[in-house]
Structure formats: C-alpha cells, structure tokens
Amino acid sequence: MDDAAIIKLYRLRDERALEETKACYEALCMTVAYNMLGNREDAEECVNDAMMRLWQAIPPAEPEFLGAYLITAVRNAARDRLAYQNAQRCGGGQLTIAIDELTDCLHSAEQPEQVLNSIALRDAFRRFLSKLRPTAHMIFLRRYWLCLSAQEIAAETGCSVSLVNTSLMRTRNKLKVFLEKEELL
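According to our numbering, the sequence shown holds residues 2 to 186 in order.
Pasting the structure below:
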C-alpha cells in the first residue's frame with residue numbers, strides 16, 4: 002500500500018492504517034531507534050511511541066512522505082529517551098558516536114544536539130547536502146540521519162568499509178569548510 006492510501010486510512014481513523022504503516026516502515030524504524038539507543042526494548046517503545054504520535058497527528062497533519070515523517074517521530078522519541086536517561090548509554094548505540102564525529106563541524110561541542118536543531122544550521126545542512134555527489138549524500142545521511150555504522154552502510158551499498166569511512170571523513174571536512182563560509186562555525 003502506498004503512502005497516500007495509508008494517509009487516507011488515517012484520515013478515516015481506520016486502525017488498518019497502523020497495520021499498513023508497520024508493514025511498510027517498522028523494520029526501518031527499529032533500525033533507526035536501535036542504532037540511536039543500542040537497546041531493543043527501548044527501540045520498540047520508541048517505535049510504538051512514534052506510531053501513537055502519528056495516529057494523533059493525522060489528521061490534521063498531511064505529510065507528503067509518510068516514511069520521512071515517521072522516521073522523524075522515531076528519532077524524536079529516541080532523542081527524548083536519551084535525554085530522559087541523561088545520555089547514559091544502554092548497549093552502545095551509534096547516536097553519541099555519530100554526533101561526536103560531527104563536533105568539529107558544529108559551533109558548540111558541548112551542546113551538539115541543540116545546535117543541530119537550530120533553523121539556520123538546518124537550512125545550511127540542506128544547502129550543503131544538495132551540493133554533494135549522490136553517493137556521498139547517501140552515505141552521509143545513512144550515517145548521521147539513520148545512525149548506521151560504517152559496516153552497515155558498506156553492507157547496504159556494496160562499498161568497502163574503508164570507502165565509507167573515507168567518504169564520511171571527506172564530507173565532514175567539506176561540511177566544516179562550508180559552515181565556516183556560512184559563518185555558522
């Protein structure tokens with residue numbers, strides 16, 4: 002079932018919308034939440050919380066891309082869970098590692114999550130990402146949006162781990178230069 006049909010079910014308050022959403026996006030949502038939290042039970046709770054938020058948001062919300070909307074809700078739920086746990090890692094998730102990799106490119110190394118949420122920086126990230134080659138763009142988003150490890154990205158893309166790490170390093174360096182030119186660093 003496509004996103005438009007699922008959203009129509011949400012508008013009709015048909016509980017099949019939840020089943021269809023899970024069928025389409027549960028595996029990806031679990032991957033994102035698990036990579037951020039490092040704990041399967043916490044990841045399941047975050048996915049369930051995100052599904053509940055989705056049910057409550059539609060209507061009136063009308064997301065153009067249901068998957069992106071849901072992944073954002075999952076990331077927010079996982080980030081809230083991390084804040085609740087005072088960033089004490091339960092099983093070695095990837096979020097802290099990924100954010101640490103970006104601290105050289107961010108204005109405040111002490112509060113990188115707050116900086117990532119600023120509107121100006123978000124707009125700059127969009128402009129920066131639009132200028133990347135498709136492969137570098139895809140690798141960067143898989144690492145820093147989906148919080149996949151270099152090994153997971155390599156397995157998904159068929160690239161070597163070395164190529165993934167090199168691409169990430171070069172993209173971070175380009176990002177740092179870009180943000181300096183934008184006077185955001």
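All C-beta atoms in this analysis are idealised placements derived from N, C-alpha and C, irrespective of residue type, glycine included. Computed from a predicted structure; not experimentally measured.
68 is the residue among 68, 59, 127 whose C-alpha sits nearest the C-alpha of residue 28. Close CB contacts of residue 21 within its chain, under the 7 angstroms cut and outside five residues either way in sequence, are with 2, 7, 10 (chain order).
Secondary structure of residue 150 (DSSP, three-state): coil.
Counting C-beta pairs closer than 8 angstroms gives fewer than three between the segment 169-177 and the segment 61-81, which falls short of the contact rule. When the Cα atoms are used, residue 45 and residue 182 turn out to be separated by approximately 41 angstroms. Residue state for residue 62 is assigned as coil, using DSSP reduced to three classes.
The residue among 122, 168, 129 with its C-alpha nearest the C-alpha of residue 136 is 168.
Taking 8 angstroms as the upper bound for CB-CB distance, residue 147 and residue 141 are not in contact here, some 10 angstroms apart.
Here DSSP, grouped into helix, strand and coil, assigns residue 133 to coil. In this structure, the CA atom of residue 131 is about 19 angstroms from the CA atom of residue 165.
The C-alpha of residue 72 lies about 22 angstroms from the C-alpha of residue 13.
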